[in-house]
Structure formats: structure tokens, C-alpha cells
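These notes concern the structure reproduced below.
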Amino acid sequence: MTYLEESQAAGREIFPDLARAWALFGIALVNVGVLAWPMMSSYHYEGAAPTSLDTAAWFGVNALFLMKSYSLFSFMFGVGFAYQMQSAARRGVAFSGRYWRRIIGLLAFGALNIACFFFGDILVVYAVLGTILFLFRNASQKTLIVWGCIIYGIQILVIGLMALMVYLGVTFAPEEMAKTAAEFAVEDSRAIEVFGSGSFLDAAAYRTSEYVSGFPFILMFQGFGAFAFFLFGLAAVRSGVIARASAPIWKPARRYALPLGMLISGAGGWLMLVGTGMMDPLMMLGMLLVAIGSPFSTFGYLGVIAKWAEGQPGPITVFFARGGTSSLTAYLLQGLIFSLLFSAYGFGLFATLPAAQSIGVAFLVALFSVTFASLWRMRFQRGPMEMILRNWTYLGAR
């Protein structure tokens, strides 16, 4: 069957698949900043020497995609969670066994991604947070939305406190902040050494060490926001709006929420350019504004995608939606390509391409990953990584 025939037979709408494909592009554009350059400074690294085009490109990524693409990806994780429950109910089988196997599978894929490709992996975070999401499986739509708002408010508070701590440190303890900045510089130098001239095993050890040591920070900086969007995605399925691209909620989303989110995120993106690194209060304030604008922008993007999904889908729409059905494959493929491009055991481009070129490469990588997933799905029922995860998930889960 064709993708559309499969979707109709399964009662699946094209809207969620388009949302996953959209998120994959933004994820690549954001991730490349810490894959092509040292993580603590990214395009602020002293060797970057940005031009006006580089500045414009980085601003665009910060304003349009930072803390929005992963929010959209997290939203779709919640949607997928709801679909899995519905599938188990239709088949009259237990949901919990399948779900916990899936969580373990995601954890394994995440560990592989960290060691081999990308120490900013999100799958391990999703696996950890997914254990908590299970507790909300029977929650009402209202409960999910209320808790989602509360938890995202905590995320804003956490980032706000981080920004305040940086400001107080710069103002009242400049010597200590200078020491911390020097430690960050040493870490950046270590990244240059590992990815610039190290072997695959050196890079794998470095990625694993960095992820393990930084995991608490990752949970604090991303975890609350990701979990909030898990709940929003689950609520969207409960309300039925994710299955109806013409639902009334999507019109105000693109008309009002999107401009507001872009305005706030644009201001935050500009401050991040003015700042000089993680130890600069202006950059942290910019991140805070981006975090505040993220829910509005993500909601607005969903409204735009809903408009895209309305009516009879054309060949381009079908092509991208089909690629969105294999988002795990595309996500891991992006990490593989980036690791080969920017590591010494590959093409050795680490800390060599300026921001505009890095972001341009990321766009091409995203396009290739979605294209590969879409073409693969023309021949096979599922993506390669999805087949592995599904076989593990359904093993013995009856």
C-alpha cells in the first residue's frame, strides 16, 4: 500500500507525521552548533570570527528553532504515547509490558547515540521522563494541561535562576566567575583536541564522560520543558485536535500565538548574539526569553503545520510526511552524518566551518535524513530503527 493508503487503513492522520518531519529540520539546525564547535562556546568560540551572514544565520536558528524543535519533538512523543495506548486497547492487550520494553529500547538507542554520534542526545532523557509519563496515562485532558503549564513554569523558573546566578556572580564574585570561565575554556580546548585529532575511541570516551557528568544539568535545562510537552501532546490526542487539522484551535495558534512567540524569541535570540558565552548574563537572559517564547512559537508552528495538512495532500506533502513516520531513523542518521563530518576519524571539519556554513550543512543533513527515511518507507513498512524498536517492544508483550 502507499503511505496514504496505509494511513487511512490505520486511521492515522498526516498532521502528526508532518510535525515530526518539521521538528527533524529544526533539531539538526540547533544541534550542529555544538557538534561543529566546542559545546560551551559554540559559535562564540574565539576561532569562529563570525561575519554578518554568520550572525544572521545564528540569530535565525536561535529565534526560530532553539527550544522549539525539541519542544515539538517532545509534543509528538506525548502523541505517540497516546497512540500506543489506543493501539493496545483496540487489540485488547496489556499496554504496560509493551511500553516498558519501548522505554528500555529508547534508552539503548540513546546510549548508542551518545557513545558513537552525539553527546547532546535526547533519547535517554525521553526514556527517563517516559517512566514518569506512565503515571499520567489515565489523567484527564484538563489535568494534563494544568500540570503541563505548571511544569513548564518550573522550566522557566530554573533557567531564570541560572541567569540570575550568572548575573550575581559577574557582579559580586568576578574572580570566581573568571575561574569558571577558564575551566570552560579548558573544556573547549579538550573538545578541539578530541574531535580535531583524536580517534573514534577517544571521541566515544569523551562523549560518554561529558554526557554522564552533564546529565543532571541536561535534565534541569531541558527535562521540565520536555515533560511539559509530553503532557500537552497526550492532551492533544485526548481532545482529538491532533487528528483534525481543521480543528478551530489551530487558527488562533498561527494568527496570535506564533507572532507573540516570534517576538519574544527574537528578542532572546538577539541577546544571545550580544552575549559572549554561557558566563555572560545577557546570553542567559536571552535563553530565558527564548524559553518563555517557546510554548507560543511551538503552538504556532503546530497551527501552520495543521494548515499545511488540510485538504488533499500533494506529492511534496506526502513525501515529507512519509519521512516523518521514521523520525527515530532520521534522528540517529543525522548524528551519524554529523559525527563523520566533524570528527577527526571522518572529514575532520570540527571548529573549521563558520556559523552560516555549519547551519547550511545542517539543513542539507536534515533534508537528506528525511529524504532517506521517506524513500526507505516507499519500500518497507517501517524505518530500519523503527523495525528494531518495534520487534523489541512487542517481544513477549501480550
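First residue of the sequence shown: 1197, per our numbering; consecutive thereafter.
Here a beta-carbon is modelled for each residue, glycine too, at the ideal position from N, C-alpha and C.
This one's a predicted model, so the numbers in the text were calculated from it and none came from an experiment.
Cβ-based burial, residue i [other Cβ within 10 Å; buried from 16]
i: residue 1264; result: buried
i: residue 1587; result: exposed
i: residue 1444; result: exposed
i: residue 1491; result: buried
i: residue 1287; result: exposed
i: residue 1495; result: buried
i: residue 1369; result: exposed
i: residue 1589; result: buried
i: residue 1533; result: buried
Length of the line joining the Cα atoms of residue i and residue j
i: residue 1312; j: residue 1448; result: 42 Å
i: residue 1514; j: residue 1579; result: 16 Å
i: residue 1375; j: residue 1404; result: 25 Å
i: residue 1325; j: residue 1307; result: 15 Å
i: residue 1238; j: residue 1282; result: 42 Å
i: residue 1560; j: residue 1499; result: 25 Å
i: residue 1555; j: residue 1388; result: 19 Å
i: residue 1204; j: residue 1338; result: 29 Å
i: residue 1558; j: residue 1294; result: 34 Å
i: residue 1349; j: residue 1198; result: 43 Å
i: residue 1258; j: residue 1413; result: 20 Å
Residue i vs residue j beta-carbon contact at 7 Å
i: residue 1315; j: residue 1406; result: yes
i: residue 1460; j: residue 1484; result: no
i: residue 1331; j: residue 1552; result: no
i: residue 1426; j: residue 1291; result: no
i: residue 1611; j: residue 1442; result: In this structure the chain extends from 1197 to 1594, so residue 1611 is not present and cannot be described.
i: residue 1457; j: residue 1493; result: yes
i: residue 1581; j: residue 1525; result: yes
i: residue 1569; j: residue 1213; result: no
i: residue 1271; j: residue 1428; result: yes
i: residue 1226; j: residue 1261; result: yes
i: residue 1347; j: residue 1424; result: yes
i: residue 1474; j: residue 1236; result: yes
Continuous alpha helix (DSSP H) stretch holding residue i: start and end
i: residue 1590; result: Neither: residue 1590 is in no alpha helix (DSSP H) and is coded neither H nor E.
i: residue 1467; result: 1454–1470
i: residue 1358; result: 1337–1368
i: residue 1282; result: 1265–1287
i: residue 1399; result: 1396–1414
i: residue 1333; result: That residue, residue 1333, is in no alpha helix (DSSP H); it is neither H nor E in DSSP.
i: residue 1554; result: 1551–1575
i: residue 1492; result: 1477–1505
i: residue 1308; result: 1292–1312
i: residue 1247; result: No alpha helix (DSSP H) holds residue 1247; DSSP gives it neither H nor E.
Of the listed residues the options, nearest to residue i (C-alpha basis)
i: residue 1417; options: 1436, 1480 and 1444; result: 1480
i: residue 1437; options: 1470, 1372, 1395 and 1501; result: 1501
i: residue 1367; options: 1347, 1451, 1386 and 1478; result: 1478
i: residue 1333; options: 1220, 1285, 1512 and 1520; result: 1285
i: residue 1252; options: 1468, 1571, 1383 and 1546; result: 1468
i: residue 1392; options: 1215, 1210, 1198 and 1543; result: 1543
i: residue 1304; options: 1357, 1585 and 1536; result: 1585
i: residue 1432; options: 1278, 1247, 1216 and 1224; result: 1278
i: residue 1385; options: 1547, 1199 and 1568; result: 1547
i: residue 1440; options: 1209, 1198, 1201 and 1434; result: 1209
i: residue 1362; options: 1377, 1350, 1352 and 1348; result: 1377
i: residue 1489; options: 1297, 1549, 1360 and 1421; result: 1421
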